[in-house]
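**Q** Let me begin by handing over the structure; questions about it come next.
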Ligand code: 5GP
């Protein structure tokens, strides 16, 4: 997605060979027009999958997921990373190792909102080693629902996540694929379209 790649080049900061900061438009300040374009792009990529629900993880997955839900006309559920006084019943949980925080945490979704008949699209902001996405997939499977696709805003293709998700056999679509962050430079993966 050209608009996203341009934004990464213009407003992203490479913090190390492994970490990209995009607080200017996705992880802290949010660019609503870009989010809408991202939602439209995910909606068109997954329009034939019969999606009935979107599942993401707080907090940075919420903006792209909501825009996608708006376009597809389906509800959006976000997994919580912290315990909540109001989220106590019928909890589906998964343990996720955080790439950025380097800590293990439990993410939770109430089973109330996912049924066996749902076809669920997973959305997240970044794909590094695939832990967050795999945690969401596990929660959807615990609910007996179908994982009908995974949409990632920024994939760091030099890390393991993409191959881990491909191995699960799901349709994975990333809007920007980064081949390398070496030397403070963002290099995108050349994609061959047939
Ligand atoms: P994974 O679970 O795939 O290892 O890591 C994905 C999660 O870690 C995302 O939800 C995102 O919050 C965070 N993350 C991973 N890599 C980056 C990065 O380079 N920059 C930012 N801002 N977040 C990242």
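In the UniProt record's numbering, the protein residues as written are 1 to 194. Quick reminder that beta carbons are idealized off the backbone N, C-alpha and C, glycines included. All values derive from a computational prediction rather than experimental measurement.
Take the Cβ of residue 184 as the centre, count every other Cβ of all protein chains shown within 10 Å, and call the residue buried at 16 or more, exposed below.
**A** exposed
**Q** What first and last residue would you give for the beta strand (DSSP E) that runs through residue 68?
**A** That residue, residue 68, is in no beta strand (DSSP E); its alpha helix (DSSP H) goes 62-72.
**Q** How would you call residue 64, buried or exposed, if buried means at least 16 neighbouring beta carbons within 10 angstroms?
**A** buried
**Q** Assuming residue 142 is part of the beta strand (DSSP E), what are its boundary residues?
**A** Element bounds for residue 142: not the beta strand (DSSP E) but the alpha helix (DSSP H), 131-142.
**Q** I need the DSSP call for residue 146, collapsed to helix, strand or coil.
**A** Of the three classes helix, strand and coil, the one that applies to residue 146 here is strand, per DSSP.
**Q** For the alpha helix (DSSP H) holding residue 44, just list the boundary residues, first then last.
**A** 32-45
**Q** Examine the ligand 5GP and report whether any of its heavy atoms sits within less than 7 Å of the Cβ of residue 95.
**A** no
**Q** Hey, quick one: how far does the alpha helix (DSSP H) through residue 3 stretch, first residue to last?
**A** Counting along the chain, residue 3 sits inside the alpha helix (DSSP H) bounded by residues 2-11.
**Q** Would you mind working out which of 131, 98, 141 sits nearest residue 114, comparing C-alpha positions?
**A** 141
**Q** For the ligand 5GP, any of its heavy atoms closer than 7 Å to the Cβ of residue 125?
**A** yes
**Q** So what does residue 153 bridge to, in DSSP terms?
**A** DSSP output for residue 153 lists no bridge partner at all.
**Q** Thinking just about the alpha-carbon of each residue, which of 84, 153, 182 is nearest to the one in residue 2?
**A** 153
**Q** As a quick exercise: from 164, 19, 34, 158, pick the residue whose alpha carbon is nearest that of residue 208.
**A** No information on residue 208 is available, as it lies outside the stretch 1 to 194 that the chain covers here.
**Q** Nearest CA to the CA of residue 177: which residue from 77, 170, 139, 190?
**A** 190
**Q** Got a sec: does the ligand 5GP put a non-hydrogen atom nearer than 7 Å to the Cβ of residue 98?
**A** yes
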